[in-house]
Amino acid sequence: MTEKRRCVKMDEIMKNMLIHSLLEVFREEKAKDLPKEVSGNLILRIAEQKEMKLFLTDAEYQKVIEALNKLRDSFIHAGRYPDGIDSVMIKIIRAKYKRYAER
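Each residue of the sequence shown is one higher than the one before, starting from 197 at the first, in the working numbering.
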């Protein structure tokens with residue numbers, strides 16, 4: 197069965213940044229006893245992914261944007277430059293829908 201998902205081309209830096217930001221959201225959800233399946237599964241999928249194309253469902257897309265925005269806010273609060281995070285957010289926001297065949 198095919199469905200439309202957002203397709204993002206990743207590099208190693210982007211992969212590490214996504215994992216780092218999603219881990220923070222996962223820890224927050226765990227501390228507040230919120231459902232953490234989406235973020236947990238997404239972290240594992242990104243970490244194990246060999247190819248550099250990431251296909252995101254709408255729920256995963258929202259979670260990634262939320263996680264990167266929280267990481268960006270923490271960088272600004274600490275007085276660090278969020279340029280790298282901004283470029284990753286722009287790549288994800290501009291991601292187009294493509295057909296994804298589940299395996």
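For every residue, glycine included, the Cβ atom is placed at its ideal position computed from N, Cα and C.
Self-check item: Exposure of alanine 297, with buried meaning 16 or more beta-carbon neighbours within 10 Å
Solution: Position 101 of the sequence shown, counting from 1, holds the residue named residue 297. Alanine 297 counts as exposed, since fewer than 16 other beta carbons sit within 10 angstroms of its beta carbon.
Exercise. Would you mind working out which of Leu238, Tyr257 and Thr198 sits nearest phenylalanine 222, comparing C-alpha positions?
Key: Here residue 222 refers to the residue found at position 26 of the sequence shown. For the options Leu238, Tyr257 and Thr198, the alpha carbon positioned closest to that of phenylalanine 222 is the one of Leu238.
Exercise. Leaving aside the five residues before and after tyrosine 293 along the sequence, list all residues of the same chain whose C-beta is less than 8 Å from its C-beta, in chain order.
Key: Here residue 293 corresponds to residue number 97 of the sequence shown, with the count starting at 1. Closer than 8 Å at the Cβ level, and outside the excluded window around tyrosine 293, lie Lys200, Arg201, Arg202 and Cys203.
Self-check item: Burial state of arginine 241 (16 or more Cβ within 10 Å)
Solution: Here residue 241 is taken as the residue at index 45 of the sequence shown, counted from 1. The residue is exposed, with fewer than 16 neighbouring Cβ atoms inside 10 Å.
Practice problem: From the DSSP output, read off the bridge partner residues of lysine 287. | Solution: Residue 287 sits at position 91 when you count from the first residue of the sequence shown. Checking the DSSP bridge columns, you'll see lysine 287 has no partner listed.
Quiz prompt | Buried or exposed by the 16-neighbour rule on C-beta atoms within 10 Å, applied to alanine 263 | solution = Working through the sequence shown from its first residue, we reach residue 263 at position 67. Around the Cβ of alanine 263, a 10 Å sphere holds 16 or more other Cβ atoms; the residue is buried.
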